[in-house]
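Sequence order for the protein chains is X and C.
Take 1 as the starting number for the first sequence in the numbering used here and just add one per residue.
Take 1001 as the starting number for the second sequence in the numbering used here and just add one per residue.
We put the CB at the ideal spot given by N, CA and C, even for glycine.
One structure is given below, encoded as structure tokens.
Protein chains: 2
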Amino acid sequence: MATLKDISRALNLSVTQVSRALNDHSDVNEDTRRRVKEAANLLKYQPNITARKLASGRSGMVGLVVAFNPHMVSDGMWIEVVSGLSAQFSGRGMQFVLHIAPEADAVLPTYQKLISAGSLDGFVVVEPWATDPRMDFLSGLGVPFVVHGRTIGMTDYPFYDIDNQGLAYESAHRLIASGHRRIALINGVEHRSYVQARTDGYKKALSEARLPFDPFLLRHGVMDAACGLTQGVRLFSGDGPPPTAVICANLLIAKGVYQSLDALGLSVPSDVSVIAHDDVLTGPLAAAFYPALTVTRSPLGDAWAPLARFLSGRIEGKPLAELQEVAQYEFIERASVGKAKD
Amino acid sequence: MATLKDISRALNLSVTQVSRALNDHSDVNEDTRRRVKEAANLLKYQPNITARKLASGRSGMVGLVVAFNPHMVSDGMWIEVVSGLSAQFSGRGMQFVLHIAPEADAVLPTYQKLISAGSLDGFVVVEPWATDPRMDFLSGLGVPFVVHGRTIGMTDYPFYDIDNQGLAYESAHRLIASGHRRIALINGVEHRSYVQARTDGYKKALSEARLPFDPFLLRHGVMDAACGLTQGVRLFSGDGPPPTAVICANLLIAKGVYQSLDALGLSVPSDVSVIAHDDVLTGPLAAAFYPALTVTRSPLGDAWAPLARFLSGRIEGKPLAELQEVAQYEFIERASVGKAKD
DNA sequence: TATCAAATCCGAAGCGTTTCGGATTATTGG
DNA sequence: CCAATAATCCGAAACGCTTCGGATTTGATA
Chain X
1 MATLKDISRA LNLSVTQVSR ALNDHSDVNE DTRRRVKEAA NLLKYQPNIT ARKLASGRSG
61 MVGLVVAFNP HMVSDGMWIE VVSGLSAQFS GRGMQFVLHI APEADAVLPT YQKLISAGSL
121 DGFVVVEPWA TDPRMDFLSG LGVPFVVHGR TIGMTDYPFY DIDNQGLAYE SAHRLIASGH
181 RRIALINGVE HRSYVQARTD GYKKALSEAR LPFDPFLLRH GVMDAACGLT QGVRLFSGDG
241 PPPTAVICAN LLIAKGVYQS LDALGLSVPS DVSVIAHDDV LTGPLAAAFY PALTVTRSPL
301 GDAWAPLARF LSGRIEGKPL AELQEVAQYE FIERASVGKA KD
Chain C
1001 MATLKDISRA LNLSVTQVSR ALNDHSDVNE DTRRRVKEAA NLLKYQPNIT ARKLASGRSG
1061 MVGLVVAFNP HMVSDGMWIE VVSGLSAQFS GRGMQFVLHI APEADAVLPT YQKLISAGSL
1121 DGFVVVEPWA TDPRMDFLSG LGVPFVVHGR TIGMTDYPFY DIDNQGLAYE SAHRLIASGH
1181 RRIALINGVE HRSYVQARTD GYKKALSEAR LPFDPFLLRH GVMDAACGLT QGVRLFSGDG
1241 PPPTAVICAN LLIAKGVYQS LDALGLSVPS DVSVIAHDDV LTGPLAAAFY PALTVTRSPL
1301 GDAWAPLARF LSGRIEGKPL AELQEVAQYE FIERASVGKA KD
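Structure below.
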């Protein structure tokens, strides 16, 4: 483990100058810089980020804190999030670590501990709620963070989000344009901000078309196939009059809905039209929809790069305006939407 | 963020003494210690682990480095591992973090980086191969680590393992005792050390009974239901003469095997006997086997506490003898094993 | 030639903690 | 009453890095 001192000794330079050379400061001779970097390579120098953090306040380490919940065991999305972010940050010479808090109540204290322990430079927070204490907490402490998604209302923090309201609006709007009057929305768990945003978009489309909002047609649940299946059954063979179209918050739900329709002897799109949102997760799902599924599409994987960029930007003190983005989705028309029968 | 200096000032003590008081050193007056701890609480003092690491070489942070592989996305076991370990370490006042390397080749360099960066005290390594470069690498650097499982042969490092050879041996032995002569083993991916150990136990039972080893009956694959299903089909409707019993490396495989037998019109245990190993994972699997499944049982969750204990023991320099354990499994006889027909 | 600015360098302080070596006081045994 | 011992305490150095303020050299400018 070579140190700055070793390099400085070898080159007959001061530790100061070696440090400045390696960190690309301006006041060091180009030739010196070259020699220093050469020597650093030769000696396999790796900066001690502990010492760096102590001296400069920056460690180059950022983290994600999530509460353990039993549901996540079966939900591979976590790995996707963590490895996506990990790759992006290590591409920027930073370290990304995951910390699992034992329960939801422990998240804020865990932040507190990690912060005052002084080992992390910032955090990324995922799956925000419509109103979320985490952002307030971190803001209050002045700790840099970036959010995947955003809260409703004022967002004075960096974030990357997709146009959830827009995609729900457009899905509903297109179905309405095809003559549908009873449109269901099978959404994620309530109070997640993106869930709420989609509900808003859905309602907006309804009200613009002067269609009534029927609570029977709005469903919440964890976004898996089981949810799609059960909600599908309830919608199409339940108490109320069934919808003629359904919007699914993701592909798994759509899969469940297809299964339920199959079981009930209903067919897509002649009996029921379906639109889903496609997060483009890796894994064995998707692809195999028949009839081919019309979707709004925005790859989850597109989020990691901007999230990493925004968080480092925040740490470096860039202005907020450069650190916020709401990405567009793509509307992909396939075969699962048809004219409403009446 | 109070520091030691703040406390020392408030109490008119030296920083040294405050540090020693908080760390339970011997040469500090009981009364002083009490006062110090009180003040620390009052000022919400949290030790700066960055500074601590720099001064003492210990940060109280340990980590797990795993290579990203697409398969893990669908495999919830990771969350289980990470959260189990996380809980145990935080119970010992330590931090546990996960670092995902972009690919298998990047694991060793990632260790290298994290080590010379000087932020972690040690590592836990999981899913060892029969011969595994990670242990050699870490040993060579003198970095503390603990292994979940162990390599074949000399193990001069702390580990927690279960008696894989024993459970495979006993499973095979019992089936042989019930008159079975053709016994299949659907095992995990080759070259994992626990997979190899189980193969060894299986072969040992065969050879003790003077039964031939038939490569047709030994299957390897990722340990999920799909594997159990396909291997089941191949075993029981494939080229070779089918077995009368099958040992499954975990419950998911067993589930797939049950499905395959069901599909082929074979029944348990009259046509085929089944024994599986039960890791007792949380999640929606298991439980629903009919007929009830005979298993060897050793909960994965039992591993986290000893692993954490062993790693901190290693860091504190405890002797190796106290830091190794191979846990016993339990044999649970249920309804899936019967006499062999002939 | 004197002056100034730019380029390049360095010493020293400081980040918050641990720890070594000793200092001070109180206690005990002879 | 003195020396030895135990109980408590403290100053200062160290960990490896960054950074502030200034020093030195060079070249251009007036």
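Segment limits, alpha helix (DSSP H) that includes residue i
i	result
C:S1090	1077-1091
X:Y111	107-117
C:F1159	Looking at the DSSP string, C:F1159 is not in any alpha helix (DSSP H); the run it does join, the beta strand (DSSP E), is 1159-1162.
X:R234	225-237
X:V36	30-42
C:T1155	That residue, C:T1155, is in no alpha helix (DSSP H); it is neither H nor E in DSSP.
X:R52	49-56
Reduced DSSP category for residue i - H, G, I as helix; E, B as strand; rest coil
i	result
X:E322	helix
C:G1256	helix
X:R20	helix
X:V126	strand
X:D278	strand
C:S1298	coil
C:L1311	helix
C:F1145	strand
C:A1067	strand
X:A101	strand
C:P1133	helix
C:H1173	helix
C:K1005	helix
C:V1337	coil
C:P1306	helix
X:S14	coil
C:L1138	helix
X:L266	coil
C:L1167	helix
Residues that DSSP places opposite residue i in a beta bridge
i	result
C:L1261	Answer by DSSP bridge pairing: none, since C:L1261 is not bridged.
C:M1061	C:Q1095
C:C1248	C:I1186, C:A1276
C:A1327	C:I1162
X:R219	X:I186
Residue i, enclosing beta strand (DSSP E) - first and last residue
i	result
C:E1330	1330-1332
C:Y1194	Careful: C:Y1194 lies outside any beta strand (DSSP E), inside the alpha helix (DSSP H) at 1193-1208.
C-beta contact flag for residue i and residue j at 7 Å
i	j	result
X:A104	X:A67	yes
C:T1294	C:V1337	yes
X:L185	X:Y160	no
X:M223	X:G256	no
C:V1065	C:A1101	yes
C:A1158	C:L1323	Strictly speaking, residue 1158 of chain C in this sequence is Pro, with Ala absent from that position. Yes, the pair counts as a contact, with Cβ atoms nearer than the cut-off.
C:I1079	X:M77	no
X:A292	X:H180	no
X:A21	X:R33	yes
X:L114	X:L120	yes
X:S171	X:I275	yes
C:T1230	C:R1182	no
X:A209	X:I247	no
C:F1213	C:G1240	no
X:L4	X:S14	no
X:A55	C:L1054	no
Distance cut-off 6 Å: residue i Cβ against heavy atoms of the ligand FMN
i	result
C:D1031	The ligand FMN is absent from the structure shown, which contains no ligands of any kind.
Check whether the segment 1052-1062 of chain C touches the segment 1093-1106 of chain C, taking contact to mean three or more Cβ pairs, one atom from each stretch, closer than 8 Å.
Result yes; three or more Cβ-Cβ pairs closer than 8 Å.
Are the segment 189-200 of chain X and the segment 155-168 of chain X touching, with three or more C-beta to C-beta distances below 8 Å?
Result yes; three or more Cβ-Cβ pairs closer than 8 Å.
Report yes or no: do the segment 1082-1090 of chain C and the segment 1132-1140 of chain C share at least 3 C-beta pairs separated by less than 8 Å?
Result no; under three Cβ-Cβ pairs closer than 8 Å.
With three or more C-beta pairs closer than 8 Å as the rule, is the segment 1275-1282 of chain C touching the segment 1250-1263 of chain C?
Cβ pair count under 8 Å is three or more, so yes.
Inter-stretch contact (C-beta, 8 Å, three-pair minimum) for the segment 76-87 of chain X and the segment 36-43 of chain X:
When C-beta atoms of the segment 76-87 of chain X are compared with those of the segment 36-43 of chain X, fewer than three pairs fall below 8 Å, so the two segments do not count as touching.
Take every Cβ of the segment 1298-1310 of chain C, pair it with every Cβ of the segment 1139-1153 of chain C, and state whether three or more of those distances are shorter than 8 Å.
Taking a contact to require three or more Cβ pairs closer than 8 Å, the segment 1298-1310 of chain C and the segment 1139-1153 of chain C qualify as touching.
Please determine if the segment 1258-1266 of chain C and the segment 1224-1240 of chain C are in contact, where contact requires at least 3 C-beta pairs separated by less than 8 Å.
Judged by Cβ distances under 8 Å, the segment 1258-1266 of chain C makes contact with the segment 1224-1240 of chain C, as three or more pairs qualify.
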